[in-house]
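Mapping to numbering that gives the first Met the number 0: the sequence shown position 102 is 101, numbers consecutive.
All C-beta atoms, glycine included, are put in the ideal place defined by N, C-alpha and C.
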Amino acid sequence: MKNTKPFILLGETILPGQSKTIYMEIAKLHNTTKLKIPILIQRAKTEGPTVLFSAGIHGDEINGVEIVRQIITKKINKPKRGTIICIPVINMFGFVNKSREFPDGRDLNRVFPGSKKGSLASRFAYHILTEIMPFVDYAVDFHAGGASRFNAPQIRLAPHDDALKALADAFNAPFTLYSKNIAGSFRNASQKLQVKMLLFEGGKSLDIDYTVADTGVAGVKRFLAHLNMLSLETSPEEPAQKTIYIQKSAWLRAKCSGLLHDNGYLGAFVTKGTVLATITDPFGKFERKVKAPNDGYIINANHAPIIYQGDAIYHISKIILNESH
């Protein structure tokens with residue numbers, strides 16, 4: 000069906016078959032320099048849903064930015080039908096400063112739905128939610144592990160939602176975790192607007208891992224193919240295996256401070272008692288083994304060379320819904 004409906008975003012009209020980059024500006028830097036957030040829109044001539052691919056809601060999570068960049072450069076964002084919106088960097092302030100937070104010290108992903116007259120982060124959340132999200136039907140928001148914690152590529156979705164599960168099946172990341180929406184998060188606020196959003200986690204902050212990026216891009220192709228939006232010029236890639244659904248997982252924390260020597264089990268299935276790492280002191284006085292507390296998949300590993308007692312060092316699955324190891 001021919002696309003004839005008007006599409007007006009931030010005061011700009013995007014016509015059927017048109018590609019346009021518009022800029023969102025909420026505030027300037029303290030030296031009066033304008034800080035604009037590019038929003039790339041590709042609209043097909045045929046009617047269809049609107050999909051958002053976003054990243055950089057935490058300014059130091061560069062891996063997601065790389066995934067959305069590749070979606071654009073490989074022209075995956077040129078839809079067969081409907082509209083695709085790409086925002087490679089939502090938190091441009093944090094991106095410029097290589098920081099997770101906004102300049103006001105707030106985590107943008109904890110202040111939604113925001114406020115028109117609130118803090119800088121709150122105002123930004125408000126404009127994203129009121130001026131962009133009402134147009135969106137489906138979304139994938141790309142993240143990475145915080146600090147030195149490296150996430151195996153995974154999709155996170157709210158439980159008890161068959162439509163979201165179908166999208167996660169289509170994306171087919173190596174792992175899919177059921178996790179409740181966090182109050183104040185972009186995902187939670189989007190769900191209240193009836194937007195079907197998946198959250199992708201992969202890699203760690205201030206780092207680009209091309210294996211993770213390739214996994215994210217391949218998932219996006221399958222996601223769009225599921226919605227019958229993938230361009231005829233692009234073909235989805237068949238995954239090596241079906242995604243592993245994890246219903247419950249837990250963090251393993253360091254019992255002592257020291258130097259962390261990781262044994263490289265990220266993404267692998269391990270049995271109870273497997274030595275995941277060794278913690279040592281710098282002076283050769285002690286070595287303490289870190290053992291898996293149960294059978295499960297290692298879905299996050301701390302790659303920091305120095306850790307403190309109580310630090311989260313491994314995220315391991317506890318309840319797996321579809322065994323495939």
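Environment of residue i [buried if 16+ CB atoms lie within 10 Å]
| i | result |
| --- | --- |
| Y22 | exposed |
| H142 | buried |
| F285 | exposed |
| D140 | buried |
| V269 | buried |
| G320 | Checking the sequence shown, residue 320 turns out to be Leu, not Gly. Under this definition L320 is an exposed residue. |
| G104 | exposed |
| T49 | buried |
| Q240 | exposed |
| N108 | buried |
| N293 | exposed |
Bridge partners - residue i, DSSP secondary structure assignment
| i | result |
| --- | --- |
| L265 | The partner list for L265 (beta bridge, DSSP) is empty, contrary to what the question assumes. |
| G257 | I306 |
| S98 | DSSP output for S98 lists no bridge partner at all. |
| E200 | H142, Q153 |
Inter-residue spacing [alpha-carbon to alpha-carbon] between residue i and residue j
| i | j | result |
| --- | --- | --- |
| N174 | K271 | The sequence given here places Phe at residue 174; Asn does not occur at that position. Near 20 Å, if we compare the C-alpha coordinates of K271 and F174. |
| Q193 | I7 | 20 Å |
| V110 | F282 | 44 Å |
| D208 | G202 | 6 Å |
| K4 | N227 | 19 Å |
| H260 | K164 | 37 Å |
| G309 | V135 | 41 Å |
| A169 | K179 | 20 Å |
| G16 | T45 | 8 Å |
| L128 | H29 | 25 Å |
| L9 | K116 | 19 Å |
| S18 | Y244 | 37 Å |
| T210 | K79 | 27 Å |
| M132 | D106 | 19 Å |
| N299 | P238 | 21 Å |
| G263 | I278 | 14 Å |
| I66 | A212 | 5 Å |
| V64 | S234 | 22 Å |
| A182 | A54 | 19 Å |
| N331 | C255 | What the structure shows of the chain is the stretch from 0 to 324, and residue 331 is not part of that stretch, so it cannot be assessed. |
| T32 | F92 | 12 Å |
Nearest-angstrom beta carbon gap, residue j and residue i [assumed within contact, 8 Å]
| i | j | result |
| --- | --- | --- |
| L229 | K220 | 6 Å |
| H302 | F199 | Going by Cβ atoms, the distance from H302 to F199 rounds to 19 Å, so no, they are not a contact pair. |
| K247 | K290 | About 20 Å; that fails the 8 Å criterion. |
| R42 | I13 | 5 Å |
| I330 | Y313 | With the chain covering 0 to 324 only, the question about residue 330 has no answer from this structure. |
query = Between the stretch 153-164 and the stretch 92-105, do at least 3 Cβ pairs fall closer than 8 Å?
reply = No contact exists between the stretch 153-164 and the stretch 92-105.
Segment contact, 8 Å Cβ cut-off, at least three pairs: the stretch 51-67 with the stretch 129-146:
In short, these stretches touch, since the Cβ pair count reaches three.
Three Cβ pairs or more, each shorter than 8 Å: is that satisfied between the stretch 20-36 and the stretch 110-127? Taking 8 Å as the limit for Cβ pairs, the verdict is that the stretch 110-127 does touch the stretch 20-36.
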